[in-house]
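Asks:
2 protein chains.
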Amino acid sequence: MVEETVQKETLYRGKVIDLELHDVTLPDGNDAKREIVRHPGAVGIITIDNDGRIILVKQYRKALGKVIYEIPAGKKEPGEDSLTTAKRELEEETGYQAEQWKEVTSFYTSPGFADEIIELYEARDIQESHQLSLDEDEFIEVIAVTLEEAKALLHQQLIHDAKTAYALLYLDIQAQQS
Amino acid sequence: MVEETVQKETLYRGKVIDLELHDVTLPDGNDAKREIVRHPGAVGIITIDNDGRIILVKQYRKALGKVIYEIPAGKKEPGEDSLTTAKRELEEETGYQAEQWKEVTSFYTSPGFADEIIELYEARDIQESHQLSLDEDEFIEVIAVTLEEAKALLHQQLIHDAKTAYALLYLDIQAQQS
Chain V
2 MVEETVQKET
12 LYRGKVIDLE
22 LHDVTLPDGN
32 DAKREIVRHP
42 GAVGIITIDN
52 DGRIILVKQY
62 RKALGKVIYE
72 IPAGKKEPGE
82 DSLTTAKREL
92 EEETGYQAEQ
102 WKEVTSFYTS
112 PGFADEIIEL
122 YEARDIQESH
132 QLSLDEDEFI
142 EVIAVTLEEA
152 KALLHQQLIH
162 DAKTAYALLY
172 LDIQAQQS
Chain Y
2 MVEETVQKET
12 LYRGKVIDLE
22 LHDVTLPDGN
32 DAKREIVRHP
42 GAVGIITIDN
52 DGRIILVKQY
62 RKALGKVIYE
72 IPAGKKEPGE
82 DSLTTAKREL
92 EEETGYQAEQ
102 WKEVTSFYTS
112 PGFADEIIEL
122 YEARDIQESH
132 QLSLDEDEFI
142 EVIAVTLEEA
152 KALLHQQLIH
162 DAKTAYALLY
172 LDIQAQQS
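In order, the protein sequence lines correspond to chains V and Y. First residue of the first sequence: 2, per the working numbering; consecutive thereafter. First residue of the second sequence: 2, per the working numbering; consecutive thereafter.
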């Protein structure tokens, strides 16, 4: 089923993504073009505070043209291992450090056109480090909500992205099993 | 928190995606650039056959460089409503029609750089229509697996995308509640 690249062109090199156009040979020998967005990969952190609430960040997303609430997340730096990214991003975006870390899963967000992979972690036993340090173009508010409050945000489409929707189902299953 | 576009440039218009570069004014008055991938939106169909198995499609994904198993899915045509897309894509990719349709949820896949939204449906009471009609550059195999078999595929990272990972948690919750 493999599609072999005959030729590729990098159409754009950006800060967050690159765009490549590949001429490929299909399994039947015919030709096709594939548009591929390259992304360094990201982590998302399902963060539970010491009262059992979920930590969310409220952020304007230009691509969507709206403000949404998401689990803390961020892009990997070149060569950085995922847990290091997770610890760094949690602290930078929320000012929290966590003692307990657990790998949850990983998934590609848009396999039809992008190689972005998100690795999800669960972080518990948190404390404030006061090391909040947002990127210069990041404007974020941090909130803590119960699972029921988070579900209400989902219903209002104020939670509206894949990693956070996944996180809520994951926590729902945990709640049912406990 | 809104970021106002001062100027935008469409860097690429493609078959699946367009790429825009926006110069924006940040909430603090500073400037920034935002790379935005435009996508028409897609549907994913959590399809359960009459033996309770999950219908998956096996497909090579050039962006990932590997074959993965996903729930049936596809892009919306201009002006098409989501349920119509869902029925069309299910039939084109798998040859099945379904009698029972239910909206599950929707989510943005990559809010940091793309406006792609996936609307998820659950389809049951299926029958073969023999109307399989793949796009000329699509090479797909259709399989039916139990939830346990699907979880094994997830463990092997042969299921490895956001919508299908979400679908498995969703079906897991249904199974626990029944």
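Virtual Cβ for every residue (Gly too), placed ideally from N, Cα, C. Note that the structure is a prediction, hence the values are computed from the model and not measured.
May I ask you to report which of helix, strand or coil DSSP gives V/Ile174?
Replies: helix
Asks: Does the distance from the CB of V/Glu4 to the CB of V/Val38 come in under 8 Å?
Replies: no
Asks: Would you call the CB atoms of V/Gly80 and V/Leu133 closer than 8 Å?
Replies: V/Gly80 is not a Cβ neighbour of V/Leu133, given a cutoff of 8 Å.
Asks: Note down, in chain order, all residues in the segment 8–28 of chain V with a beta-carbon under 7 Å from any beta-carbon belonging to chain Y.
Replies: Leu12, Tyr13, Gly15, Lys16, Val17, Ile18, Leu20, His23, Val25, Leu27 and Pro28
Asks: By the criterion of Cβ-Cβ separation under 7 Å, what are the contact partners of Y/Thr106 in chain V?
Replies: Ala166
Asks: Could you tell me the distance, in whole angstroms, from the CA atom of V/Ile18 to the CA atom of Y/Asn51?
Replies: 43 Å
Asks: Comparing C-alpha positions only, which one of Y/Leu172, Y/Ala176, Y/Leu169 and Y/Gln157 sits nearest to Y/Lys67?
Replies: Y/Gln157
Asks: Return the chain-ordered ranges of every alpha helix (DSSP H) run that is complete within the segment 129–167 of chain V and spans a minimum of 4 residues.
Replies: DSSP runs (the alpha helix (DSSP H)) wholly in the segment 129–167 of chain V: 148–156.
Asks: Quick one: which residues of the segment 46–64 of chain Y get their C-beta closer than 7 Å to a C-beta of chain V? List them in chain order.
Replies: Tyr61, Arg62, Lys63 and Ala64
Asks: Can you check which of these residues, Y/Glu120, Y/Arg62 and Y/Ile69, is closest to Y/Lys76 by C-alpha distance?
Replies: Y/Glu120
Asks: Tell me, please, whether the CB atom of Y/Ile144 is closer than 8 Å to any CB atom in chain V?
Replies: no
Asks: Give the residues of chain Y in contact with V/Thr95, contact being defined as C-beta atoms less than 7 Å apart.
Replies: Those do not exist, as V/Thr95 stays about 17 Å from chain Y at its closest Cβ, beyond 7 Å.
Asks: In chain V, which residues lie with their C-beta within 9 Å of the C-beta of Y/Leu177?
Replies: At residue 177 of chain Y the sequence reads Gln, which differs from the Leu that was named. Here the neighbours are Ile174, Gln177 and Gln178.
Asks: Could you name the residues that DSSP lists as bridge partners for Y/Gln108?
Replies: Reading the sequence as shown, one finds Phe at residue 108 of chain Y and not Gln. The partner list for Y/Phe108 (beta bridge, DSSP) reads Y/Ile119.
Asks: So V/Ala74 and V/Ile46 are supposed to be a Cβ contact under 8 Å. How far apart are they, rounded?
Replies: 7 Å
Asks: Does the beta carbon of Y/Asp162 come closer than 8 Å to any beta carbon on chain V?
Replies: yes
Asks: Grouping DSSP H, G and I as helix and E and B as strand, with all else coil, what is Y/Arg35?
Replies: In the three-state DSSP reduction, Y/Arg35 falls in the strand class (E or B).
Asks: Kindly indicate which three-state DSSP category Y/Glu100 falls into: helix, strand or coil?
Replies: strand
Asks: Which same chain residues end up closer than 6 Å to Y/Thr6 when comparing Cβ atoms and leaving out the 5 residues on each side of it in sequence?
Replies: If we look at Y/Thr6 and ignore the five residues flanking it on each side, its Cβ neighbours are His23 and Val25.
Asks: Comparing C-alpha positions only, which one of V/Glu71, V/Glu142 and V/Glu137 sits nearest to Y/Gly113?
Replies: Closest option to Y/Gly113, Cα to Cα, is V/Glu71.
Asks: Residues in the segment 109–121 of chain V with C-beta within 9 Å of chain Y's C-beta atoms, listed in sequence order?
Replies: Tyr109, Thr110, Ser111, Pro112, Gly113, Phe114, Ala115, Asp116, Glu117, Ile118 and Ile119
Asks: At 9 Å on the CB atoms, spell out the chain Y contacts of V/Arg89, in chain order.
Replies: In chain order: nothing, as chain Y lies at least about 16 Å away.
Asks: Can you look up Y/Glu81 in the DSSP assignment and give me helix, strand or coil?
Replies: DSSP, reduced to helix, strand and coil, places Y/Glu81 outside both helices and strands of the structure shown, so it counts as coil.
Asks: Taking only the alpha-carbon atoms, compute the straight-line gap between Y/Val58 and V/Arg35 and give it to the nearest angstrom.
Replies: 19 Å
Asks: Going by CA-CA distance only, name the one from Y/Thr48, Y/Lys16 and Y/Ala115 that's closest to Y/Glu94.
Replies: When each option's Cα is compared against that of Y/Glu94, the closest is Y/Thr48.
Asks: Using a C-beta cutoff of 8 Å, does Y/Tyr70 count as contacting chain V?
Replies: no
Asks: Hey, is V/Asp138's beta-carbon within less than 8 Å of any beta-carbon in chain Y?
Replies: yes
Asks: Between V/Asp162 and V/Ile69, is the Cβ-Cβ spacing less than 8 Å?
Replies: Closer than 8 Å, so yes.
Asks: Starting from V/Ala64, trace the beta strand (DSSP E) both ways and give me its first and last residue.
Replies: Run containing V/Ala64: none; DSSP gives neither H nor E here.
Asks: Would you kindly check if the distance between the Cβ of V/Glu100 and the Cβ of V/Tyr122 is under 8 Å?
Replies: V/Tyr122 places its beta carbon 8 Å or farther from that of V/Glu100.
Asks: Taking only beta-carbon atoms, is Y/Glu182 less than 8 Å away from chain V?
Replies: Missing from the structure shown is residue 182 of chain Y; chain Y here goes from 2 to 179 and no further.
Asks: Compare the C-alpha of Y/Leu169 against each of Y/Glu149, Y/Ser179 and Y/Gln178 and name the closest.
Replies: The residue with the shortest Cα to Cα distance from Y/Leu169 is Y/Glu149.
Asks: Give, in chain order, every residue of the segment 32–46 of chain V whose Cβ lies closer than 8 Å to some Cβ of chain Y.
Replies: Residues passing the 8 Å Cβ filter: Ala33, Lys34, Arg35, Glu36, Ile37, Val38, His40 and Ala43.
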